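Q: I have a structure I would like to understand better, so I am pasting it below and will then ask my questions one at a time.
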């Protein structure tokens, strides 16, 4: 599978945002990162076209913390009408147990225990299958994206043993925007 999603940041990202980008690229097959630097938006579009990526995922940074996930559809040259607003993040280092970086993932699945729209958004963008039973995913995929309810949505990236693989995100809500 080639690159489906390029992941990048807003300008001047924090260390926490950069760590999130690295965790996502390592855990989500079909992704690659683009170092933003001072690149204008058009340069990012050119890189996405060269990589034949369908989407660009922007991790917006505000006051030193990742604050939102925005999606740009490269093929349609348009922003997706939703934004996932981040209310919290726990990096691998902040988890209560030591989580070593695992080898780059080749397969992934979304397990949506919340039954909300976050799973649908991630499935549309990343093109991973959705399941609704966590035990059925055990040992079958390199990455299990677990979505559960809890003060909005909690998105955990788990390994095949269902132990933590990467950072954990709290999604406060999905904001629909007129684009």
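Numbering (this note's numbering), first residue to last: 17 to 195. Ideal Cβ positions, reconstructed from N, Cα and C, are used throughout, including at glycine. Given the structure is predicted, the values throughout are model-derived calculations rather than measurements.
Opposite residue 82 in the DSSP bridges: which residues?
A: DSSP lists 77 as partners of residue 82.
Q: Would you mind reading off the limits of the alpha helix (DSSP H) that contains residue 196?
A: There is no way to answer for residue 196, as the model of the chain reaches only from 17 to 195.
Q: Take residue 19 and list the residues in its own chain whose beta-carbon comes closer than 6 Å to its own, dropping the five residues that flank it on each side.
A: Counting only Cβ-Cβ distances below 6 Å, and skipping sequence neighbours, we find 48, 67, 69.
Q: Whole angstroms is fine: what's the gap from residue 83's alpha carbon to residue 100's?
A: Their backbone Cα atoms lie some 9 Å apart in a straight line.
Q: Per DSSP, which residues does residue 48 bridge with? Please list them.
A: DSSP lists 22 as partners of residue 48.
Q: Identify which residue in 189, 28, 148, 54 has its Cα closest to the Cα of residue 168.
A: Taking only the C-alpha atoms, the option nearest residue 168 is 189.
Q: So, under 8 Å CB-CB, residue 148 and residue 124 are touching, yes? Tell me the CB distance rounded to an integer number of Å.
A: Not quite, the Cβ-Cβ distance comes to about 16 Å (not below 8 Å), so this is no contact.
Q: Can the beta-carbon of residue 122 be found less than 8 Å from the beta-carbon of residue 158?
A: Cβ distance < 8 Å, so residue 122 and residue 158 count as in contact.
Q: Looking at the structure shown, is residue 133 part of a helix, part of a strand, or coil, going by DSSP?
A: If DSSP states are grouped into helix, strand and coil, residue 133 belongs with coil.
Q: What are the complete beta strand (DSSP E) segments, minimum 3 residues, inside the segment 87-173?
A: Correct list: 94-106, 124-128, 159-165.
Q: Should residue 41 and residue 73 be called a contact, given that it needs their Cβ atoms to be closer than 8 Å?
A: Contact: no.
Q: Please check the pair residue 127 and residue 161, which I expect to be a contact at CB under 8 Å, by giving their CB distance rounded to whole angstroms.
A: That pair is a contact at about 7 Å.
Q: Determine which residues share a DSSP beta bridge with residue 184 and list them.
A: Per DSSP, 106, 172.
Q: If you draw a straight line from the C-alpha of residue 183 to the C-alpha of residue 105, how long is it?
A: Their backbone Cα atoms lie some 7 Å apart in a straight line.
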